[in-house]
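J.:
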Amino acid sequence: MIKKIANFTINYRFPIVIFTILVTLILAYQIRHVSFRTVLGTTLPLKHPYVQIHIKFMEIFGGANTMLIGLEAKNGDIFDHKILKKIKTITDEVKFHPDAITSQVISIARKKVKNIRGVGGGLDIQPFYRGGKVPETPEEVKRLREEIYSNEAIRGYFVSMDGTAALIISNFKEGIDYHKLFKDLQKIIKDVAGDDLNVYISGRPMLLGWIYNNNPKSVKIFIGSLIAEMIVLSIFLSRFNWALIPFPLILGLINAVWGLGIMGILRFNLDPLGLVIPFVIGARVISHSVQLTERFGEDYLKLKDSKEAAKSTLETMFVPSSTSIITDAAGLYIISIVPIPLLQILGIIAGTWLLSAIVGVSLLNPIVFSYVKHPLKLRKSEPGLDFLGRILHGAGVWLMEKKRNIAIVLIVWLIIFVVSIGLSTKLEVGDPHPGSSLLWPESRYNTDDKNLNEKFPGTNPLFVIMQGKHNDVLKEPRVLNTVEAFQLKMRECAGFGGTESLVEIIKKLNREFHEGDPKWAVIPNTKDDIAFYIFMYLSKGEPGDFDRYSDLKYKNGNIIYYFKDHKGSTIKNAVDKAKDFLNEYNIPREHLDFKLAGGIMGVTAAVNEVVGKYNHLILFLALGVIYICCVIPYRSLTRGFILLVSLITANFISMAYMVLAKMGMTINVLPVAAIGAGLGVDYGIYMLSRIGDEYNILKDWKKSIIITFGTTGRAVVVTGITVIVGIIFWYFSDLRFQAEIGFLLAFLLAMNVFGAIFLVPTLTYLIRPKFLVDR
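Under the numbering used here, the first residue of the sequence shown carries the number 1, and numbering increases by one thereafter.
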C-alpha cells in the first residue's frame, strides 16, 4: 500500500504541485478574514452557573470589563481646586468615551455619588461636587474634605484613607477595540494629568490594551526565529544542495498559510495570547521536514538517483511521519472537549491545521526531493558521520557496551520520574501571581495595579447577586441583615480589601437622620423605615443612583467584594467562604436567593473550576489517543508502551518545571499543555522505526541501536535544536506569558529529545518488541 502511494505521488508529482499552489493561493487570500482580538464571551464556560449569572446581570450591575483609574497627588493631597478639576475632567472623558457604559462610570465627581448629612428635621443629600461644579473657593474645598472624611462609604473607597488619591471606576462594553481604548486613555492622561498627578490604571480593558500594544514585537520575534532556524539548518544540513536547506522553513510557512486560511474561511478570531500556537505548529512542520530531508540524504547516497531516493524516503518515512503528525494533532483535538468556545474552536482548527502537514510533509517533501538532480554537495556527500553523528554514535556504543550503562539510564529516569510526579501534584490551578502573570512584575500595568491595591480596597471585584422573588425585596430588614452578615463573613477571606452594598447607604441614612449618632448606624427594624430612607435619598438624587447595588424595582441586588489579587488560591478561598456562609446561615429564601458570582473574580472562578476539572482529563485522554495512534499503524501494544513512557515522563517534568517556575494552570496555559502532550512523541517514533528498519537487515539489536543513534538520533537532535531555537525566541517577548510558555515548550521538547535518544532505545533493547522482528 505504501509503495503504491509512493509511486503515485512521484509519478503524478507535477499535477500535485500545481494543485498545491492553487490551494495555497486560495487560502492565502482568505487570511484577510482572520481577526486578532480578545472577546470575553469566547473565553468563558457559558454553561457554568457563575457565567450565566454574570451574563444575566451584567447589564444592570456591570460585567468583568471593569477598569480602575487612580489619580494620586504628587505633593500633598487631592483637596486642591486644580486637582479636583482634573478628577472631573478625566471622569467626564471616560464617561463620554464611546465604548464606556456611561451609567457605570463612578467617582466623587459624578452626581450619583452623594454625601448624606443630617439637618434639622431631615436629611441633606447632595453630590460632593455641588451642581456638578468643581469646588473652587477654600471654603468649598474644605467642605468637600470634611464630607469625604466623615463618610465611611467614600473614604477608603473613592478617596484613599490618607486623602492623597482618588479613584474612578468604570465599565466598558464587550468586543471593543482595546488597542484604540488604550491609546485614547494614554492621550487623556497625557493631556490632563500634568506634573502634579501620578496616574495608575488597572483592570481587564487596560491589561488587554497593554497586550495589544506589545503585539507588534511578535513580528520581530517571528523574523528572529526564522533567521535562527535558517542558521541552524545551514550548519546541520550543509552537505545538501543550497536549494534544499531553506525548504523546511518554506514548507512551514506554506503550512501556516493553510492554517490561517482555514481560520479565515471560518472567520475565526485568534486571541493575541494564542499566537504561540501557530508558531509551535510551524515549528513541528519544520521538525518533520528535517527528518525526511536527513533520510533522503541517506537514501540518495545508496541509490544515486533523486527520483528513486524520493520514492524510498516516502516508503520508509510515510508511516512514522504521518503517525507523528497525527499524534501531534491529537493533543489539539482533545482541547475541544473543554466547554469554553475559544478552546473548542481552536482545538478543531489547529488540529486540522496540523493534520494538513501530512500532505505538506509526507508528500510534498519527497516531490521536491525528486526534482533536485544533485541534492548533495560532492565534497560533503561521502558516506560517514559528521561531528554530531560521531558524538551520538559514541553515545550509542556507550549505552550498548555494558548492562550497567542501561541500568544507569533507567535509574536516572526513575529518579527524575518520581521527583517530577511529586512536584507536579503542587501545580496550582489559576494565576499564582498578584497583578497579572501575563505581564512581567515590573511592567507598568503591574506596578499600577500594585499601587492601586495599596491605596484602595482592591482591583478585583467579586459580585454576589441577590435574586429576589418579589419586588421590594431589598427593603426587607431581614434581607439587609443577611447581607450585612454575609459581608462580615467575607472579611475573613485572604486578600479581602473591602465591600459595598445597599446596606452601607441605609445605615448612613439612618445615622444621619438621628443627628449623626453612631449608635444609629444600623439597619432599621421595619420595611417602612427602609423605604422612607430610600425615598428621601432618591428625592434628592437622579435615576441610576442605586445602579451598582439594586435594580429599579429593588427585586435584584448586588454585593461587591474587593480583593487585592486574583490568584487561584484567593479566588478559591473567597468562593469557598461564600458557599460556607450560604450553607450555614439562615437565608430568608422566601424573599430571595444568593447567586455566585459575577465580576472579574466570579468569571475567573468559573474558568478556574473548568480548567481544574479538565486539566488532568485532557492529559490522560491525549496520552490515550496518542497511544492508540502509535499502536494501530504498527499493530503493536509494546510500541505504544515504549513511546508512552517517554512522553509521560516529559509531561510530568514539564509540570514540575511549572511548579518551580511558579506558573499556574490557566485557560491560556491549558491549550499549550495539551499540545505538549503530543509534542515530541515523533522523536521516539522516528527512533523506534529506524531501530526496526535496521534490525530487519542486521538481525542484531545492539548494532541496530548504535546505527540508529548516529543516523536518526542525529536527525532527532538536529530537528530538536531547530525547533527549540525557533520557539525559544518567545522568551524575549514583552509579555511574560509568551516568554514563559516559549521557554516551557522549549524545555519540554528538550526533555522529549533526551527521552527519545536514551530512554526509547533502552526500553526497546529490554523489551525487544516483536513487531520490529515481524515487519
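Think of the CB as a built atom: it goes at the ideal place given N, C-alpha and C, for glycine as much as any other residue.
Would you kindly work out how many angstroms separate the C-alpha atoms of Leu660 and Leu596, rounded to a whole number?
T.: Approximately 33 Å, taken between the alpha carbons.
J.: What three-state label does DSSP hand Ser381 in the structure shown?
T.: At Ser381, the pLDDT of 48 sits below 50, so the modelled position is not reliable and the matter cannot be decided from this model.
J.: Would Pro776 be called buried (16 or more neighbouring beta carbons within 10 Å of its own) or exposed?
T.: Since the first and last residues shown for the chain are 1 and 775, residue 776 lies out of range.
J.: Hey, how far is the Cα of Val397 from the Cα of Ala407?
T.: So the alpha carbons of these two residues sit roughly 15 Å apart.
J.: Rounded to the nearest angstrom, how far is the Cβ of Phe709 from that of His393, given a contact under 8 Å?
T.: That belief holds up - the Cβ atoms of Phe709 and His393 are roughly 6 Å apart, short of 8 Å.
J.: Taking a contact to mean a Cβ-Cβ separation below 9 Å, would you say Ala166 touches Ser107 in this structure?
T.: In contact: Ala166 and Ser107 (Cβ atoms closer than 9 Å).
J.: Using a 10 Å radius around the Cβ and a threshold of 16 neighbouring Cβ atoms, would you call Thr9 buried or exposed?
T.: Its Cβ being crowded by 16 or more others within 10 Å, Thr9 is buried.
J.: Among residues of its own chain, excluding the 5 on either side of Tyr212, which ones have a beta-carbon nearer than 7 Å to its beta-carbon?
T.: So the qualifying residues of the chain are Tyr178, His179, Phe182, Pro272.
J.: Just the C-alpha distance for Ser381 and Arg239, rounded to the nearest angstrom, thanks.
T.: Residue placement at Ser381 cannot be trusted, given a pLDDT of 48 that sits under 50; what the coordinates show is reported in the next sentence. Using only the alpha carbons, I get a separation of about 6 Å.
J.: How is Ile188 classed by DSSP in three states: helix, strand or coil?
T.: Three-state result, Ile188: helix.
J.: Near Thr327, what residues of its chain come up, given a Cβ to Cβ distance below 6 Å and the 5 sequence neighbours on each side ignored?
T.: Hits under 6 Å: Ile626, Cys629, Gly678, Val681.
J.: Please work out which residues of its chain come closer than 8 Å, Cβ to Cβ, to Ile506, disregarding the five sequence neighbours upstream and downstream, and give them in chain order.
T.: For Ile506, where only same-chain residues beyond five positions count, the Cβ hits under 8 Å are Leu480, Ile523, Pro524, Ile530, Tyr533, Ile534.
J.: With the cut-off set at 9 Å, would you say Gly261 and Ile281 are in Cβ contact?
T.: No; because the gap between Cβ atoms is not below 9 Å, this pair is not in contact.
J.: Would you kindly work out how many angstroms separate the C-alpha atoms of Ile31 and Met263, rounded to a whole number?
T.: Approximately 7 Å, taken between the alpha carbons.
J.: Contact between the region 194-208 and the region 82-95 is defined here as three or more beta-carbon pairs at a separation below 8 Å; is this criterion met?
T.: With the cut-off at 8 Å, the region 194-208 and the region 82-95 touch.
J.: If we require 3 or more residues per run, which beta strand (DSSP E) segments fall completely within the region 25-52?
T.: If we require 3 residues or more, the region 25-52 turns out to have no beta strand (DSSP E) run fully inside it.
J.: Looking only at DSSP bridge pairs, what is Val119 linked to?
T.: DSSP, once it has assigned bridges, lists Gly122 as partnering Val119.
J.: Between Leu399 and the ligand SAH, is there a pair consisting of the residue's CB and a ligand heavy atom that are separated by less than 8 Å?
T.: As far as ligands go, the structure on display features none, and thus does not contain the ligand SAH.
J.: According to DSSP, is Phe641 part of a helix, a strand, or is it coil?
T.: Note: Phe641 maps to helix in three-state DSSP.
J.: Name the two residues that bound the continuous beta strand (DSSP E) containing Lys311.
T.: That residue, Lys311, is in no beta strand (DSSP E); its alpha helix (DSSP H) goes 306-334.
J.: Ends of the alpha helix (DSSP H) at Phe496?
T.: Here Phe496 belongs to no alpha helix (DSSP H); instead the beta strand (DSSP E) covers 496-500.
J.: Can you list, in chain order, the stretches of the alpha helix (DSSP H) that have 4 or more residues and sit fully within the region 61-130?
T.: Within the region 61-130, the complete alpha helix (DSSP H) runs of at least 4 residues are 81-95.
J.: Quick one, which of Phe652, Asn214, Thr482, Asp693 has its alpha-carbon nearest Leu439's?
T.: It is Asn214 whose Cα lies nearest to the Cα of Leu439.
J.: So, under 8 Å CB-CB, Val503 and Glu484 are touching, yes? Tell me the CB distance rounded to an integer number of Å.
T.: Contact holds; Cβ gap of about 5 Å.
J.: Can you tell me which of Thr499, Ala100, Pro278, Thr313 puts its alpha carbon nearest to the alpha carbon of Ser689?
T.: Nearest of Thr499, Ala100, Pro278, Thr313 to Ser689, Cα basis: Thr313.
J.: Around the Cβ of Ile724, are there at least 16 other Cβ atoms within 10 angstroms (buried) or fewer (exposed)?
T.: Ile724 should be labelled buried.
J.: If I measure Cβ to Cβ from Asn171 and keep anything under 7 Å in the same chain, skipping five residues before and after, which residues do I get?
T.: If we look at Asn171 and ignore the five residues flanking it on each side, its Cβ neighbours are Gly62, Gly63, Asn65, Thr66, Ile101, Gln104.
J.: May I have the straight-line CA-CA distance separating Leu355 from Ile345, to the nearest angstrom?
T.: Roughly 15 Å between the two C-alpha positions.
J.: Under 6 Å Cβ to Cβ from Phe743, same chain only, skipping five residues before and after it: list those, please.
T.: Same-chain partners within the cutoff: Tyr731.
J.: Between which residues of its own chain and Asn510 is the CB-CB distance below 6 Å, once the five residues before and five after are set aside?
T.: Cβ neighbours of Asn510 beyond the five flanking positions: Trp520, Pro524.
J.: Return the residue from the list Ile349, Ile55, Arg768 that minimises the CA-CA distance to Ala329.
T.: When only C-alpha atoms are compared, the closest one is Ile349.
J.: Does the Cβ of Gly351 have 16 or more other Cβ atoms within 10 Å, making it buried, or fewer, making it exposed?
T.: Looking at its Cβ environment, which holds 16 or more other Cβ atoms inside 10 Å, Gly351 is buried.
J.: Between the beta-carbon of Asp777 and the beta-carbon of Ile60, is there less than 9 Å?
T.: With the chain covering only 1 through 775, there is no way to say anything about residue 777.
J.: What are the start and end residues of the beta strand (DSSP E) that includes Tyr765?
T.: Counting along the chain, Tyr765 falls outside any beta strand (DSSP E), though it belongs to the alpha helix (DSSP H) covering 760-767.
J.: Are the Cβ atoms of Ile618 and Val319 separated by less than 9 Å?
T.: No, these two residues do not count as a Cβ contact at 9 Å.
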